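Before any comments, here is the structure.
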Amino acid sequence: MKQPNTVRDVYPVPWIDDVLDRLGGAQYFSKLDLKSGYWQIPLEQAGREKTAFITPDGLFQFKMMRFGLSNAPASFSRLMDQVLGDMKWTVCLTYLDDILIFSSKFEEHLARLKMVVTVLAKNGLAYSRPNA
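Numbered per the UniProt record's numbering, the sequence shown spans residues 1 to 132.
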């Protein structure tokens with residue numbers, strides 16, 4: 001969907017090749033999928049009117065970010081960088097609403113998984129059950 005009145009957010013979204021290059025030497029992996037990732041992010045009031053749509057029942061607008069908004073990937077990537085901080089690229093990697101936790105030792109993996117889950121909970125982000 002093209003949104004001509006939207007100022008393009010140029011925040012970088014990770015390239016999948018860069019993400020995969022970081023995994024050398026890792027033997028343990030857990031993937032967390034943020035449940036309806038974009039839907040967990042509130043839209044600023046000014047941006048809500050740009051999502052307006054009309055039905056026979058009236059005019060509506062989204063209150064939460066939805067997939068398909070032109071700035072959604074960049075905004076979500078920025079949020080993940082803020083939430084995960086220094087853990088990104090060393091403890092875990094993100095690609096859109098997926099988080100991959102990686103490590104070379106099992107005990108280290110459990111500690112990393114706990115760190116990521118704790119940070120997500122502190123920031124009110126829900127995730128699906130981890131797959132190890």
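Glycine included, C-beta positions come from ideal geometry on N, C-alpha and C. Bear in mind that the values here come from a model prediction, so they are computed numbers and not experimental data.
Are the beta-carbon atoms belonging to residue i and residue j less than 8 Å from one another?
i, j, result
"Phe62", "Thr51", "yes"
"Ile16", "Tyr95", "yes"
"Ala121", "Leu34", "no"
"Leu84", "Val119", "yes"
"Ser128", "Leu32", "yes"
Ends of the alpha helix (DSSP H) at residue i?
i, result
"Asp86", "Premise fails: Asp86 is in no alpha helix (DSSP H) and is neither H nor E."
"Ile16", "Ile16 to Asp21"
"Gly58", "Looking at the DSSP string, Gly58 is not in any alpha helix (DSSP H); the run it does join, the beta strand (DSSP E), is Gly58 to Phe60."
"Ala48", "Checking the sequence shown, residue 48 turns out to be Arg, not Ala. Looking at the DSSP string, the run of the alpha helix (DSSP H) that includes Arg48 is Gln45 to Arg48."
When you measure from the CB of residue i to every non-hydrogen atom of the ligand SAM, does any distance come out below 7 Å?
i, result
"Phe62", "The ligand SAM is not part of this structure, which contains no ligands at all."
Between residue i and residue j, how many whole angstroms is the CB-CB distance? I'm expecting something under 8 Å.
i, j, result
"Arg112", "Val91", "5 Å"
"Ile101", "Phe29", "7 Å"
"Asp81", "Lys88", "6 Å"
Going along the chain, which residues of its own chain have a beta-carbon closer than 7 Å to the beta-carbon of residue i, five neighbours each way excluded?
i, result
"Gln27", "Ser104"
"Leu59", "Ala52"
Just curious, the beta strand (DSSP E) that residue i is in, first and last residue?
i, result
"residue 134", "This structure leaves residue 134 out entirely; the chain is present only between 1 and 132."
"Leu113", "No beta strand (DSSP E) contains Leu113, which is instead part of the alpha helix (DSSP H) from Phe106 to Lys122."
"Lys31", "Tyr28 to Asp33"
"Thr94", "Cys92 to Tyr95"
"Ile54", "Phe53 to Thr55"
Leaving aside the five residues before and after residue i along the sequence, list all residues of the same chain whose C-beta is less than 8 Å from its C-beta, in chain order.
i, result
"Arg22", "Trp89, Leu93 and Phe102"
Return the chain-ordered list of same chain residues with a C-beta closer than 6 Å to the C-beta of residue i, the five sequence neighbours on each side being excluded.
i, result
"Gly124", "none"
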